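Participant:
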Amino acid sequence: MRTGTGTGRRYYSRGGVPTRQAEAAGAAARAGYGTVPSSSSAEANGGHGHSHSLVAAAGGGPTGLASFRVLIVTAALSVHSVFEGVAIGLEPSEPSVWLLTAAIATHKAIIAFCLGEQLAATQRRLRSAIVSLTIFVAAAPIGILIGILVISSEGDDVDTQAFATDILQSLAAGTILYVVFFEIIQGERAKPGGGLLKLLAILAGFGIMLLVTSFLQEPDDDQPTPLTPVTDAT
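In UniProt numbering, the protein residues as written are 1 to 234.
1) Here's the rule I'm using: 16 or more other beta-carbon atoms within 10 Å means buried, otherwise exposed. How should F215 be labelled?
2) Is the beta carbon of F113 closer than 7 Å to that of L77?
3) Does the distance from the C-beta atom of H80 to that of V179 stay below 7 Å?
4) Relative to the alpha-carbon of A102, which residue among T74, L171, G85, F182 has its alpha-carbon at the smallest distance?
5) On the three-state DSSP scale, how would you describe residue 305?
6) Thinking C-beta only, is I148 closer than 7 Å to G89?
7) Taking just the CA atoms, how far does D166 sit from L145?
8) Let me confirm a value: L203 is counted as buried when at least 16 other C-beta atoms fall within 10 Å, else exposed. Which label applies?
9) Quick check on P95: does DSSP put it in helix, strand or coil?
10) As an exercise, report each continuous beta strand (DSSP E) stretch of at least 3 residues that is fully enclosed by the segment 63-141, in chain order.
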């Protein structure tokens with residue numbers, strides 16, 4: 001056994017625990033973060049004697065960074081769903097409504113799967129997960145109602161309706177691009193392996209949406225719609 005005072009530390013036998021480390025271990029145990037490795041376990045690990053339990057609790061636990069990220073993703077997806085619903089509610093004709101509904105339903109199923117995967121990965125409580133999913137599901141119908149109210153409240157003012165439609169559909173498109181490229185695709189690219197398979201999956205997804213758009217044709221421009229004034233041919 002040896003002691004030293006040059007650095008303010010005390011060194012004991014190989015099986016002993018320094019006083020400061022014992023105090024840190026007790027504080028960590030009282031806080032619920034587990035124990036701090038002893039000097040012997042540190043030497044067995046190649047001298048790496050500090051604990052990562054606090055970092056894991058801050059970043060990987062249900063109340064840490066992962067849970068906060070899921071909250072942000074849920075909020076972004078819900079806002080995105082509201083604007084999607086608004087875009088559906090503002091569509092001027094039945095074929096356009098079905099076209100946009102099919103497109104949104106196709107990618108919304110994938111987004112819902114990704115959200116459920118994130119909720120399961122953070123080990124959130126069942127009640128919190130149900131609340132998050134309920135908010136996400138209810139967002140689109142709320143947006144549809146808003147779109148219908150916008151069209152109904154404007155009466156015959158075609159210019160105002162067209163302007164509101166363009167603005168809200170632009171916001172919907174922007175949220176789609178943000179969520180897809182900065183949340184879903186970016187999160188998948190961060191996972192190791194399968195780079196080529198991920199690229200092929202992305203291309204397949206865009207190809208499916210292209211086919212959906214091609215088969216569900218919009219109405220001809222010659223046909224009058226609620227946003228197109230009917231003029232007398234004579």
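Beta carbons are placed, not taken as given, at the ideal position from N, Cα and C, and that holds for glycine. What you are looking at is a predicted structure, and each value in this text was computed from that prediction instead of being measured.
Facilitator: Quick answer:
1) Residue 215 sits at position 215 when you count from the first residue of the sequence shown. Exposed.
2) The residue you call residue 77 lines up with position 77 of the sequence shown. The residue you call residue 113 lines up with position 113 of the sequence shown. Not in contact: L77 and F113 (Cβ atoms no closer than 7 Å).
3) On the sequence shown, position 80 is the one that residue 80 refers to. On the sequence shown, position 179 is the one that residue 179 refers to. Cβ distance < 7 Å, so H80 and V179 count as in contact.
4) Translated into positions along the sequence shown, residue 102 becomes position 102. Nearest option by C-alpha distance: G85.
5) As displayed, the chain neither begins before 1 nor continues past 234, which places residue 305 out of reach and without an answer.
6) Walking along the sequence shown from the start, residue 89 turns up at place 89. Walking along the sequence shown from the start, residue 148 turns up at place 148. Between G89 and I148, the gap from beta carbon to beta carbon is short of 7 Å.
7) Taking the sequence shown and counting its residues from 1, the one referred to as residue 145 is at position 145. Taking the sequence shown and counting its residues from 1, the one referred to as residue 166 is at position 166. Distance between the alpha carbons of L145 and D166: 17 Å.
8) The count along the sequence shown starts at 1 and reaches residue 203 at position 203. Exposed, since its Cβ has fewer than 16 Cβ neighbours within 10 Å.
9) Translated into positions along the sequence shown, residue 95 becomes position 95. Three-state result, P95: helix.
10) Given a length threshold of 3 residues, the segment 63-141 has no whole run of the beta strand (DSSP E) inside it.
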